[in-house]
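**Student:**
In this note's numbering, the protein residues as written are 1370 to 1603.
1) May I ask which residues mark the beginning and end of the alpha helix (DSSP H) holding residue 1496?
2) Can you check which of these residues, 1491, 1531, 1505, is closest to residue 1515 by C-alpha distance?
3) Less than 8 angstroms between C-beta atoms, sequence neighbours within five positions excluded: which residues of the same chain meet that for residue 1502?
4) Anyone know if the C-beta pair for residue 1453 and residue 1391 falls short of 8 angstroms?
5) Quick check on DSSP: helix, strand or coil for residue 1488?
6) Got a sec? Which residues, its chain only, sit under 8 angstroms from residue 1444 by beta carbon, not counting five neighbours each side?
7) Does the distance from the CB of residue 1597 to the CB of residue 1564 come in under 8 angstroms?
8) So, are the CB atoms of residue 1595 and residue 1587 less than 8 angstroms apart?
9) Where does residue 1486 land, buried or exposed, given buried means 16+ other C-beta within 10 angstroms?
10) Taking the C-alpha atoms as reference points, what is the distance between residue 1524 and residue 1456?
11) Output the distance between the C-alpha atoms of residue 1572 and residue 1417, rounded to the nearest integer angstrom.
12) Just verifying my parser: in three-state terms, what is the DSSP assignment at residue 1438?
13) Using DSSP's beta-bridge definition, name the partner residues of residue 1393.
14) I need the boundaries of the alpha helix (DSSP H) containing residue 1373, first residue and last residue.
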């Protein structure tokens, strides 16, 4: 138990040699309404002991102890690479009302000046909430991956909501890269189609210039992600 945190720190550092970021699934294992404070070392040791005993008794290695989940999350903060959070829509082990990203407002406040970007993934049905957080907090970004190809003809609503409040420099494109390969193609097609529809309406109404529309589209479909994850050409 005493060696848990150090072992995790070493393993994460090794993995990050070839990674541009990390992902937290605390939404699955606990919820986003977790205590935002960094746990004390003594609390981590006690929690690790409890979890290790549970592993031995039940034969399950599922890490769902809230204190340990917070501890490894803060290790990721210290590592400095972008941190992705699963938000909203997911599998049966998610309790949806606890996966509203505004539930983690305390953590966002605590990490606002810590360094790493926070990217909120998927966000359905909390797209507007994610947009609000991206607008308010300088280190928060979001996407609608895994949403468009599951919402059918209603995909356009999700695209519109993603463009309502957040700066265009905060919206990322993704398809979630999970499941059938057709989902990737469909997700990319619907994102382009939805943005073309909305920006086309704005252009027709004189609400945006053609120059700005092109710039914003380039940011959303790749430029923002390249900047956040350090993938820009050098």
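Where a beta carbon is used, it is the ideal one built from N, C-alpha and C, also for glycine. In this text the structure is predicted, and so the values were computed from the model without any measurement.
**Tutor:** Looking at the coordinates:
1) Looking at the DSSP string, the run of the alpha helix (DSSP H) that includes residue 1496 is 1496-1505.
2) Checking every option, the nearest Cα to that of residue 1515 belongs to 1491.
3) Only 1470, 1471, 1474, 1477, 1489, 1509, 1511 meet the Cβ criterion.
4) For residue 1453 and residue 1391, yes; Cβs fall inside 8 angstroms.
5) Strand at residue 1488.
6) Taking C-beta separations shorter than 8 angstroms and ignoring five residues to either side along the sequence, the partners of residue 1444 in its chain run 1374, 1377, 1378, 1381, following chain order.
7) In terms of Cβ geometry, residue 1597 and residue 1564 do not form a close pair [threshold 8 angstroms].
8) At the C-beta level, residue 1595 and residue 1587 stay beyond 8 angstroms of one another.
9) Its Cβ being crowded by 16 or more others within 10 Å, residue 1486 is buried.
10) In a straight line, the C-alpha of residue 1524 is about 18 angstroms away from that of residue 1456.
11) Separation of residue 1572 and residue 1417 (C-alpha to C-alpha, rounded to the nearest whole angstrom) is 56 angstroms.
12) Here residue 1438 carries a helix assignment [DSSP, helix/strand/coil].
13) For residue 1393, which the question treats as bridged, DSSP gives the partners 1454.
14) Note, residue 1373: alpha helix (DSSP H), 1373-1384.
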